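**Q**
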Ligand SMILES: [Zn+2]
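Residue numbers (the working numbering): 547 to 822.
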């Protein structure tokens with residue numbers, strides 16, 4: 547291998563290693579942001595014995611393997627979520643740069659992956675979708691829309707002469723507005739009819755984030771996929787665990803996150819193949 551291909555592969559590997567570090571930071575965010583705790587201080591410590599975690603016990607994936615998933619001081623089991631989030635983030639950063647190269651598009655889909663991985667796990671563990679990811683992520687999506695434009699969607703039919711950057715930005719704004727606004731209305735109606743909250747406002751903001759990154763058509767596809775996965779898996783889970791159907795709260799944000807990653811990475815790869 548030589549020339550641009552070898553350089554491209556090296557960049558993917560670097561992105562993957564960087565993703566492992568970001569994944570390690572996301573783990574801190576997932577543990578603390580739902581409780582409004584600082585992600586900077588105090589340093590990481592064992593939740594059971596309180597022992598500080600030294601840098602050499604905090605190396606992504608490696609430390610978990612060497613410590614066999616236990617705290618060095620007290621032997622408490624470390625959640626499987628730590629290595630999974632690190633591996634997932636590293637793998638998705640690698641994939642983003644493999645698909646798009648070391649470009650602004652590679653950056654955009656890495657940022658998107660990191661945000662969704664964090665939201666998938668905060669929702670799964672606490673049913674909370676922190677604003678630090680949903681709101682700030684939506685803003686990041688708007689900023690990245692014109693510099694790493696989406697493939698032209700429906701909007702370009704209505705305005706054929708506009709530049710891809712402008713169309714992409716308008717698509718992001720329209721998708722975020724329509725999807726978040728639509729879900730917000732549905733949530734209001736549901737609350738009126740059932741007298742309780744069916745969908746949290748976090749889900750509304752997360753749909754805005756998905757729209758900002760994916761544009762209208764892909765974000766709609768994510769919503770449909772997440773609803774399908776969610777209802778099927780939710781029903782199975784409630785049956786298996788014997789939970790009460792009426793009160794079990796489905797982690798809809800986690801399903802939106804998984805569907806978002808599938809559409810972004812499988813879909814974008816497809817666009818790339820089609821575009822040559
Ligand atoms: Zn400990």
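By construction, the Cβ of each residue, glycine as well, lies at the ideal position given by its N, Cα and C atoms.
Remember, it's a predicted structure, so these values are computed and weren't measured experimentally.
Check this for me: beta carbons of residue 797 and residue 670, under 7 Å apart or not?
**A** Sequence index remark: in the chain shown, residue 797 carries index 251 (1-based). Sequence index remark: in the chain shown, residue 670 carries index 124 (1-based). In contact: residue 797 and residue 670 (Cβ atoms closer than 7 Å).
**Q** Taking the Cβ atom as the reference point for each residue, do residue 639 and residue 694 lie within a distance shorter than 7 Å?
**A** Here residue 639 corresponds to residue number 93 of the chain shown, with the count starting at 1. Here residue 694 corresponds to residue number 148 of the chain shown, with the count starting at 1. No, these two residues do not count as a Cβ contact at 7 Å.
**Q** Looking at ligand 1, does it come within less than 6 Å of residue 597, judged from the CB to the closest heavy atom?
**A** Translated into positions along the chain shown, residue 597 becomes position 51. Yes - ligand 1 has a heavy atom lying nearer than 6 Å to the Cβ of residue 597.
**Q** Could you compute how far the alpha carbon of residue 672 sits from the alpha carbon of residue 707?
**A** The residue labelled residue 672 in the question sits at position 126 within the chain shown. The residue labelled residue 707 in the question sits at position 161 within the chain shown. One C-alpha to the other measures close to 46 Å.
**Q** Since I believe residue 615 is in contact with residue 624 (beta carbons under 8 Å), could you give me their beta-carbon distance rounded to a whole number of angstroms?
**A** The sequence position of residue 624 within the chain shown is 78, counting from 1. The sequence position of residue 615 within the chain shown is 69, counting from 1. Rounded, the Cβ-Cβ distance is 5 Å, consistent with contact.
**Q** Could you check if residue 611 belongs to the surroundings of ligand 1, using beta carbon to heavy atom distance under 6 Å?
**A** Numbered from its first residue, the chain shown carries residue 611 at position 65. For ligand 1, not one heavy atom lies less than 6 Å from the Cβ of residue 611.
**Q** Might you give, ordered along the chain, the residues of its own chain that have their beta carbon closer than 7 Å to the beta carbon of residue 750, omitting 5 neighbours on each side?
**A** Numbered from 1 along the chain shown, position 204 holds the residue referred to as residue 750. So the list reads 726, 729, 730, 733, once near-sequence residues are dropped.
**Q** State yes or no: is the C-beta of residue 740 nearer than 6 Å to some heavy atom of ligand 1?
**A** Mapped onto the chain shown, residue 740 falls at position 194. Answer for residue 740: no, Cβ out of range of ligand 1.
**Q** So residue 656 and residue 642 are supposed to be a Cβ contact under 8 Å. How far apart are they, rounded?
**A** On the chain shown, residue 656 is found 110 positions in, with the first residue counted as 1. On the chain shown, residue 642 is found 96 positions in, with the first residue counted as 1. Correct: roughly 4 Å between the Cβ atoms.
**Q** Would you mind giving the Cβ-Cβ distance between residue 752 and residue 719, rounded to the nearest angstrom? I have them listed as a contact below 8 Å.
**A** The residue you call residue 752 lines up with position 206 of the chain shown. The residue you call residue 719 lines up with position 173 of the chain shown. Not a contact, Cβ separation roughly 17 Å.
**Q** Nearer than 6 Å: is that true of the beta carbon of residue 600 relative to any heavy atom of ligand 1?
**A** Counting from one through the chain shown, the residue named residue 600 turns up at place 54. No, since every heavy atom of ligand 1 falls outside the 6 Å radius drawn around the Cβ of residue 600.
**Q** Take residue 690 as the anchor and find which of 663, 658, 675, 705 has the nearest alpha-carbon.
**A** The count along the chain shown starts at 1 and reaches residue 690 at position 144. Nearest option by C-alpha distance: 658.
**Q** To which residues of the same chain is residue 607 closer than 7 Å at the C-beta, ignoring the five residues directly before and after it?
**A** Taking the first residue of the chain shown as position 1, residue 607 is located at position 61. Excluding sequence neighbours, residue 607 sits near 566, 629, 632, 633.
**Q** Go to residue 612, then tell me how far its alpha helix (DSSP H) extends in each direction, as first and last residue.
**A** To locate residue 612, count along the chain shown from 1; it is residue 66. Taken as a continuous stretch (DSSP letters only), the alpha helix (DSSP H) holding residue 612 covers 608 to 612.
**Q** Distance check for residue 784 and residue 698, CA to CA, integer angstroms please.
**A** The residue given as residue 698 occupies position 152 in the chain shown. The residue given as residue 784 occupies position 238 in the chain shown. Roughly 41 Å between the two C-alpha positions.
**Q** If residue 660 and residue 568 are in contact, beta carbons under 8 Å, what's the gap, nearest whole angstrom?
**A** For this step, residue 660 is matched to residue 114 along the chain shown. For this step, residue 568 is matched to residue 22 along the chain shown. Rounded, the Cβ-Cβ distance is 5 Å, consistent with contact.
**Q** Output needed for residue 721: all residues of its chain with C-beta closer than 6 Å, excluding positions within five of it in sequence on either side, in chain order.
**A** Within the chain shown, residue 721 is the residue found at index 175, counting from 1. Result list for residue 721: 757, 761, 762, 765, in chain order.
**Q** Inspect the beta-carbon positions of residue 668 and residue 593 and report whether they are closer than 7 Å.
**A** Position 122 of the chain shown, counting from 1, holds the residue named residue 668. Position 47 of the chain shown, counting from 1, holds the residue named residue 593. Going by C-beta atoms, residue 668 is not nearer than 7 Å to residue 593.
**Q** Can you round the beta-carbon distance between residue 799 and residue 665 to whole angstroms, since I take them to be within the 8 Å contact cut?
**A** In the chain shown, the residue the question calls residue 799 occupies position 253. In the chain shown, the residue the question calls residue 665 occupies position 119. Their Cβ separation, rounded to whole angstroms, is 6 Å, which keeps residue 799 and residue 665 in contact under 8 Å.
**Q** Just grab the DSSP bridge partners of residue 646 for me.
**A** Taking the first residue of the chain shown as position 1, residue 646 is located at position 100. Paired residues: none, contrary to the question.
**Q** What I want to know is whether the C-beta of residue 594 ends up closer than 6 Å to one or more non-hydrogen atoms of ligand 1.
**A** On the chain shown, position 48 is the one that residue 594 refers to. It does: the Cβ of residue 594 is within 6 Å (strictly closer) of some heavy atom of ligand 1.
**Q** Under the criterion of a Cβ to heavy atom distance below 6 Å, does residue 620 qualify as lining ligand 1?
**A** Residue 620 sits at position 74 when you count from the first residue of the chain shown. Checking the Cβ of residue 620 against ligand 1 gives yes.
**Q** Out of 618, 683, 662, which one is the CA nearest neighbour of residue 806?
**A** Within the chain shown, residue 806 is the residue found at index 260, counting from 1. Nearest option by C-alpha distance: 662.
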